[in-house]
Structures are given as C-alpha cells and as structure tokens.
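In what follows, a single structure is set out as structure tokens and then discussed.
Number of protein chains: 2
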Amino acid sequence: MPLPAPGPMSLVPFVSVEAMMKIVLEQGIERMLIDLARYIEDDFRRWEQFDKTPRIAAHSSEGVIELMPTSDGRSYGFKYVNGHPRNFQTGRQTVTAFGVLSDVETGYPVLLTEMTILTALRTAATSALAAKHLAPKGAKVMAMIGNGAQSEFQCLAFKAICGIDTVRLYDIDPKATGKAARNLAGKGLAVVPCTSAEQAIEGAQIITTCTADKQYATILTDNMVGSGVHINAIGGDCPGKTELHRDILTRSDIFVEYSAQTRIEGEIQQLDADHPVTEIWQVLAGKNPGRRDDKQITLFDSVGFATEDFSALRYLKDLLGSGAGHQMLDLLADPDDPRDLFGMIERYGKAVAAA
Amino acid sequence: MPLPAPGPMSLVPFVSVEAMMKIVLEQGIERMLIDLARYIEDDFRRWEQFDKTPRIAAHSSEGVIELMPTSDGRSYGFKYVNGHPRNFQTGRQTVTAFGVLSDVETGYPVLLTEMTILTALRTAATSALAAKHLAPKGAKVMAMIGNGAQSEFQCLAFKAICGIDTVRLYDIDPKATGKAARNLAGKGLAVVPCTSAEQAIEGAQIITTCTADKQYATILTDNMVGSGVHINAIGGDCPGKTELHRDILTRSDIFVEYSAQTRIEGEIQQLDADHPVTEIWQVLAGKNPGRRDDKQITLFDSVGFATEDFSALRYLKDLLGSGAGHQMLDLLADPDDPRDLFGMIERYGKAVAAA
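These protein sequence lines are chains A and B, in that order. Note that my numbering has the first sequence beginning at 111, numbered continuously upward. Note that my numbering has the second sequence beginning at 111, numbered continuously upward.
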C-alpha cells in the first residue's frame, strides 16, 4: 500500500537559488531588470492601494533581521532579509533573503522563493527606475562606489534602463573592484577601475553609493558633489548607518521610497524629522516632476521598501505561470476533511504501518 | 562536467508536513505535547530576555495574515499564520502556518518548517501548561466546545499534562463532534459527545472554547459558568472576534500571554484598557500564585504569542539534531566569494553550457 501523497492544497511552488539562477540565465539579466522595473513602476503608480508599514526590524550588535510585509488587498507578500556587514568574513552573504506571496482571500501562500538574487535584481531595477526620472538628461557615466555583491547588478540596470555606457568603480578593497571589473567585462559597458572615490566621480553624472558598514560613514563629502549630479544612495539602510555627509543632503532635493521608513533608516536620519522629501511614487505617478533643471542635485535615498519585493514576487509568480522552473513544496497541511488535522496524522501512521 | 552543487551555506533544514507527521508518530503525540510544554515553560520563565511585539496583522474581510517574530538575542524566530474562518468551505485549513528559526549572529535561517501541525501542538501544550497552574486541584473533566482541527490536540494535552480523564464535546456541527469523538476513541479518555454547550459543561472543572467565527460570538453566557471553574478561551484571537459574554470576564481572574497583544485580540478587548490582567509568565516564574482558592473563576484568555512558536521551533531544531527526518533546501545563495553573487550566476551558466 503506497503512502498517501501530499494533498494538492499542501503544495506551494518553491524557487531555489539554483532555479533562480536558471531563470536569470534564461531570461537574460538585462531583460529581467527591465521587466522587473516595469512591475515595480506599476506598483508604485498604485501606491495608495497598498497597506504600508515600516519594516519590522530585530537589531543586534552584529546586524539586523527584518520582515517586510505589504498587501494590495488581493495579494500579500513579505520578505525575510538580514543585513550583517561582517558576514563576508565567514564566507556568508551580507544580505540574504527569501520571500512569500500569498492569496489574501484564503491566506494560503502561492509562492516561496529565494530572494538573495531577486533582491539584488529588484534593488538595481528600483535604482535605475528612479534615476530615469531624476538623473540629468543624457547621463552616460556612473560612479559605482562600493563594489560588493550588489554592484554589478546596479551597473547593468543603469545600462539597460538609463542608457549608461561607462561605469567608474571604486571600493576600499581593490580586490572587490577587480572582481566587479572582471564580471562586467564584455557586457557592453566601458569599465574604469579607480583607486579613490574622488577619481571615481570624475565626469560622472550619476553616483551610486553601496557600502555595507553598519555605522555612520562618509563615503561622499560635500566638496565631492558638483551641481547637476544624481546620487543614488543605497548602502545606508538601517538606524545608525549612513553614507553621505549631512551637507550634501541639505544641498539636494531628496527622493525616498516610504518616508516613514526612510526617516528611521535612510540618509535623512541625519536631518530634522520634518525636512521636506518627495516619495518616488509621486514622480512615477506624474504628481511630481522629478528633476526640474540641470543644476539641481537629486538624491534617491533608497533603503528598499516592501512594495518592491511585492513587485518582484508578483513578477516571479507570472514567470512561473509561463513555465519557469520550480519545485513543489509540501508546506501546508491538507487533510481530506479540513477540520480533521488530527485524523490526517493518524491515517498517515496507519498507511506507513501497512506499507 | 557536473553542475556545481549548492554550497553548504545555501542549505537550510526543512520539515515538510509529511516529515512533521512522521515526527509526531515517532515521538508519540502525548510525549511531544509534554516536551513542547517544557520548552514553552522554559521560555516563559525567561520572558524578560525576549524582544516582544504584538504580531503584525494584515486584515481583510475574509480573514487575517499575521507575522509573529521574536528573539532572545541568540536565536530569532517568526511564524507566518493565517486565520480564515470560511476556508473549510473550500477544503482549506482555517489556520495554516510555517515558521523559521534563525541565528542572530549571522542572520541566516537554520530551520524552515511547516507549522500547521506544530501550531496545533504548541497551542494545546500552552493551554494545558497554563491550566496546570490555574485549574482547580484534581480537575478530571473538561468541556471542549468547538470540535474543529484544534480540539483533539487540546483534549490530549489536558490528559497528558493536567491529568484530565473525561472530555465532554460540543460543536454547533454534530459532524465535527462525531469526528473528534472517533479520533479520541481508544486514547485513554472517556469521551462524551454532547448536543448543547450547556450539556457539555455539566460537571466540568475546565471549559475550553475553541470556535472559529470571525465575529463577536457568545459561546458561553454568564449563567453557564459556576464558581471554581477554569476557562481556557482560545478561539477569540483577532480584533472583533470573541467567544465569552462580557459578564463572565468581570467575574474572572484573567490571565493572558502578552497583554499588549491580548488587549487588541483577546476576550479582554470587551473590557476597559486598564482592566487588571496577569501575564502567565509571572505565574510560571513564581511571581504570581495563579489560582488562589476553590471558588475563584480563572480565565486564560489565550490568543497565541510569538514566544510559544519560538519554543516550538527551538524544540524542533533540537529534535533534528537528534536525527529527526528533514530535507535540505537550497534557500540561500552561497557564492565561492561572498561578494561575488553576480559571478556565481555566470559560473553556473558556464557549467550548464559545458554539461
């Protein structure tokens, strides 16, 4: 007598790291970034439909573990993500993540997925989407400061979505710069490794900072930032962690994802709580012009928001619907009679005994 | 050329529903309830070490999806759980859940598990643990009102942990009562199916209510509750969902898990915000006597709290350490160089092409 198979309602599609790598290779990374940006933009444009809350963070001396939930009333998504700057010393990722998309009507998960790779993609897609509206017209050169796990994704997103043709790389660790330069070779970008942040920003219309220290750092000082530049600051993303000198902030027009969260975690934690900022959805929805003139310094103070993960989960679910690889996970109990959870275990025991 | 296997740090132990059923059968359900109660008690006794927050709930007209995180500074746990009273109409569980335990030092998950079955077990273990300190001495008879998926677990926990020898079952649906009675046959309990709540509580020293309507209901009215009884109310667990008439509450000494959460979700949402209640950890830690005399009506207004899930996750992780069945899930990216997430995908692509 065969063991009873898990009931159909017990199974949840699961995308492993390996399955995600296959999806990235099949789709092509630039195509995937462009498609992701479209989903992210669509969701930002219907911002008012989402339940929004700052993420729920558990801080420790080593790092942070966060849950990032949101819902549009039909689907519910959340991401689990950590941030541990010293993890690389033990061969671990600074940021790892996984996420779940659920059906609000039943509360049942419909997708479980790795999100370490997917977060890198959605973060890059969000940065480039914002820059499309904030960077100076015709920007071709980006300085990429911080050449860790996120950097290549950023560079390719700005190429695919904003038309950047040159990236100038700098990291305090030259090995990281070398790694990024090798990975970006042959990808259609001119790649210029630099030995200082000052050198990296020479001639750059866009400056992306993505460093991982969990402390107040000053990656950019005020005199380094000329007029007309767009700054994409994505490394400062928790209380006590910033990358830019305060004087840069006061000279910039600041754009954020969700101000209630960014005031806790972003660069603007250095400013008064009522310092004016613009939520990026207002730009994407046409309620705010974004960049107004050539001299304006624009700053996207990005910490990552739950709707971006929701968009990424929604994108991935649609891909699975078109046949992308995944496995089915026996995650939810599915007894014959939904009220007979206890009996399900007993019947399984009898089947095991008889098998 | 073989494809690269997922790196060791990418793998997270996963306990599926089937694996959990095997564990329950191997351990024996009463033994498992007793062991779980010990873990839950240990954690309640060190209550002050935990980061505590009311769970994060996303409500809809159909139900609720909740995230329940907590941490003791070394481990971090969270549970995803839904509550959808009408789910049984489509063959789904009212409550399904899964959970994760992580290492605070790295932020890396160390366990992913189904928690539909595990939640049923930990809820029953918590109820019986509280009753051991709150029910009248020598209590032998329990009324079990609401005979859904949770009911058999409750009955066996009260047998194993409190020495109950008789359960009196009632549900508005006689089929549910019949199901519970059949499941409990031969388990060492006298089982009395009843046709009304009034009949069920005859001679009972403990009354457990576990019904699922998402609304204010009155499962027990004031005249039904005599002096000396212990009430274990576990079905009211979200805003607008209660089971007991308000007059019962004002006659009872009320014990709760975490008052900040219970005032939002429990029976006591019917009372003033400053109505005195005792957190159950104070009883378990010896700071409050629990039941003081034979005439006192005690009420455990239980909505389920994150530390109970944390205890269950910790218990399960220890079981896996002793060899309990599970599989390894490729959930976390583990590149050779932790900063080379991008390169990992490229190298995988080359290996696929060469294979």
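All C-beta atoms, glycine included, are put in the ideal place defined by N, C-alpha and C.
Would you mind stating whether glycine 183(A) and glycine 173(B) have Cβ atoms separated by less than 8 Å?
Not closer than 8 Å, so no.
Within a Cβ cutoff of 8 Å, which residues of the same chain sit near methionine 254(A), ignoring the five residues on either side of it in sequence?
The answer, listed in chain order, is Ser261, Gln264, Cys265, Val277, Arg278, Leu279, Tyr280, Ala290, Ala310, Thr318 and Cys320.
Arginine 402(B), buried or exposed, once every other Cβ within 10 Å from all chains shown has been counted against 16:
Sixteen is the threshold: since fewer than 16 other Cβ atoms of the shown chains lie within 10 Å of the Cβ of arginine 402(B), the residue is exposed.
Short check: CB of alanine 422(A) to CB of isoleucine 133(A), under 8 Å?
No, they are not a contact pair.
For tyrosine 368(A), which residues in chain B fall below 9 Å Cβ to Cβ?
The premise fails here: tyrosine 368(A) is roughly 15 Å from chain B at the closest Cβ pair, so nothing lies under 9 Å.
Cβ of tyrosine 186(B) less than 8 Å from any chain A Cβ?
So yes, tyrosine 186(B) belongs to the interface.
In chain B, which residues lie less than 7 Å from arginine 449(A) when you measure between Cβ atoms?
Scanning chain B for C-beta atoms nearer than 7 Å to the C-beta of arginine 449(A) yields Phe198, Gly258, Ala259, Ala286 and Lys289, reported in chain order.
Identify the contact partners of proline 116(A) in chain B, using a Cβ-Cβ distance below 8 Å as the criterion.
Ordered by position in chain B, the residues that pass the 8 Å Cβ test against proline 116(A) are Ser126, Val127 and Glu128.
Identify every run of the beta strand (DSSP E) within the segment 363-446 of chain A, keeping only runs that are complete inside it and at least 3 residues long; order them along the chain.
Listed in chain order, they are 407-411 and 437-440.
Roughly how many angstroms separate the alpha carbons of proline 349(A) and glutamate 418(A), rounded to a whole number?
Straight-line spacing of the CA atoms in proline 349(A) and glutamate 418(A) works out to 20 Å.
Within 8 Å of any Cβ in chain A, is that where the Cβ of valine 214(B) sits?
Against chain A, the CB of valine 214(B) has a partner CB under 8 Å away; the residue lies at that interface.
Chain-ordered chain A contacts of arginine 361(B) [CB-CB under 8 Å]
By Cβ distance, chain A contributes nothing, its closest Cβ being about 32 Å from arginine 361(B), past 8 Å.
With a threshold of 16 other CB atoms inside 10 Å of the CB of glutamate 389(B), please say whether the residue is buried or exposed.
Glutamate 389(B) should be labelled buried.
Distance between serine 412(B) and asparagine 342(B) (C-alpha atoms, nearest Å)
Cα to Cα, the separation comes out at about 7 Å.
Alpha helix (DSSP H) segment containing lysine 162(A), residue limits
Neither: lysine 162(A) is in no alpha helix (DSSP H) and is coded neither H nor E.
Count the other C-beta atoms from every protein chain shown that fall within 10 angstroms of the C-beta of arginine 141(B), then say buried if there are 16 or more, exposed otherwise.
Result: exposed.
Can you give the Cα-Cα distance for lysine 427(B) and threonine 163(B), rounded to whole angstroms?
C-alpha separation (whole angstroms): 23 Å.
Compare the C-beta of asparagine 192(B) with all C-beta atoms of chain A and state if any pair is closer than 8 Å.
Asparagine 192(B) counts as touching chain A.
For methionine 131(A), go through chain B and note every residue whose CB falls closer than 7 Å to its CB, in chain order.
The contacting residues are Ile455 and Tyr458.
Using a beta-carbon distance below 8 Å, is glutamine 203(B) in contact with chain D?
Looking at the structure shown, chain D is missing, and the protein chains on hand are A and B.
Considering only the beta carbon of each residue, do alanine 461(A) and proline 114(A) sit closer than 8 Å?
In this structure, proline 114(A) lies closer than 8 Å to alanine 461(A) by Cβ.
Have a look at Ala307(A), Asp446(A), Phe208(A) and Lys285(A) and flag the residue whose alpha-carbon is nearest the alpha-carbon of aspartate 440(B).
Selected option, being the one with the closest Cα: Phe208(A).
Could you round the C-beta distance between leucine 143(B) and alanine 235(B) to whole angstroms and report it? I think they count as a contact, below 8 Å.
Right, the Cβ-Cβ distance comes to about 5 Å (below 8 Å), so this counts as a contact.
Check the Cβ of methionine 252(B) against every Cβ in chain A and list those closer than 9 Å, keeping chain order.
Those do not exist, as methionine 252(B) stays about 16 Å from chain A at its closest Cβ, beyond 9 Å.
Determine the closest residue to glutamate 224(B) out of Ala249(A), Val122(A) and Ser432(A), with distance taken between C-alpha atoms.
Of the candidates Ala249(A), Val122(A) and Ser432(A), the residue whose Cα lies closest to the Cα of glutamate 224(B) is Val122(A).
Leucine 138(B) and histidine 243(B) closer than 8 Å at C-beta
In the sequence as displayed, the identity of residue 138(B) is glycine instead of leucine. No, the Cβ-Cβ distance between glycine 138(B) and histidine 243(B) is not below 8 Å.
Could you give the DSSP three-state label for valine 277(A): helix, strand or coil?
In the structure shown, the three-state DSSP call for valine 277(A) is strand.
Where proline 179(A) meets chain B, residues with beta-carbon distance less than 7 Å:
Neighbours of proline 179(A) on chain B, chain order: Ile166, Ala168 and Leu177.
Are the C-beta of tyrosine 218(B) and some C-beta of chain A separated by less than 8 Å?
Yes, tyrosine 218(B) lies at the interface with chain A (some Cβ there is under 8 Å from its Cβ).
Nearest-angstrom Cβ-Cβ length linking methionine 119(A) and arginine 202(B), presumed shorter than 8 Å
Yes, they are in contact, since the Cβ atoms of methionine 119(A) and arginine 202(B) sit about 6 Å apart, within 8 Å.
Going residue by residue through the segment 328-353 of chain B, where are the continuous beta strand (DSSP E) segments of at least 3 residues, counting only ones entirely within it?
The segment 328-353 of chain B contains these whole beta strand (DSSP E) runs: 340-343.
Does the Cβ-Cβ distance between alanine 314(A) and alanine 267(A) come in under 8 Å?
The Cβ atoms of alanine 314(A) and alanine 267(A) lie no closer than 8 Å to each other.
For lysine 269(A), which residues from the same chain have a beta carbon less than 6 Å from its beta carbon, with the 5 sequence-adjacent residues on both sides left out?
The answer, listed in chain order, is Leu299.
Taking the CB atoms as reference points, tell me whether valine 339(B) and isoleucine 364(B) lie closer together than 8 Å.
Judged by beta-carbon spacing, isoleucine 364(B) lies beyond the 8 Å limit of valine 339(B), meaning their Cβ atoms are not closer than that value.
Let me see if you follow: with CB-CB separation under 8 Å, is threonine 318(B) close to chain A or not?
Interface flag for threonine 318(B) against chain A is unset, since no Cβ pair is found closer than 8 Å.
Could you list which residues in chain B have their beta carbon closer than 7 Å to that of alanine 230(A), in chain order?
Simply Leu451.
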